[in-house]
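Chemist: Got a structure for you, written out below as structure tokens; questions coming shortly.
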Amino acid sequence: MKYIVLNLLIISIFLCSFGCTNSNITIDEAGDALGYAEKVMRDKDIITASSYQPNEYAKFRIMAGSNTSKEKAKQLVEEFIQSFENQLKDKEKFYKTHEIIFDIKSSEDGRILYSGKKDKEIWWQF
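In structure tokens:
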């Protein structure tokens, strides 16, 4: 009887430890991915800033000239997102619980030039 109880106890501890693991994207993983994307952009002389809220969003801002075209804005955002996603272990899991929010801000006068978000695809607000 003692061995049965002991075995049940071991099995239940084993099941609890594997059943209770956090399947969410970790703060470190998302933060490291954002940091990497910022470094990629910085290496191209593009100033960015980003933040992350677990199970909600990842935000980033790109500083650009006031005369930045829509095509150039799209290119900058896609480069940042691609760099970010390349560092995620499971980007589909990330997009199940998060969205990416972004804007492009004028480095000259501080106004927001373009903004948008991405969950499964990119949505722009021009």
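Residue numbers (the numbering used here): 57 to 182. Note that the Cβ used here is the ideal one computed from N, Cα and C, for glycine as well.
#1: Any idea what DSSP makes of Leu144, helix, strand or coil?
#2: Answer yes or no: do Ile102 and Ala120 have a C-beta to C-beta separation smaller than 9 angstroms?
#3: Out of Trp179, Asp165 and Lys145, point me to the one whose CA is closest to Ile157's CA.
#4: Starting from the C-beta of Val96, find all residues in its chain whose C-beta is less than 6 angstroms away, skip the five residues before and the five after it, and write them out in chain order.
#5: Does the beta-carbon distance from Ala89 to Thr104 come in below 9 angstroms?
#6: Thinking just about the alpha-carbon of each residue, which of Ser171, Ile83, Lys174 and Lys149 is nearest to the one in Gln109?
#7: Buried or exposed, going by whether 16 or more other CB atoms sit within 10 Å of the CB of Lys174?
#8: Which term fits Ile160, buried or exposed, when burial requires 16 or more other beta carbons within 10 angstroms of its beta carbon?
#9: Exposed or buried, what is Ser106 when buried is set at 16 or more other beta-carbons lying within 10 Å of its beta-carbon?
Modeler: Quick answer:
#1: coil
#2: yes
#3: Trp179
#4: Ser139
#5: Going by C-beta atoms, Ala89 is not nearer than 9 angstroms to Thr104.
#6: Ranking the options by Cα distance to Gln109, first place goes to Ile83.
#7: buried
#8: buried
#9: buried
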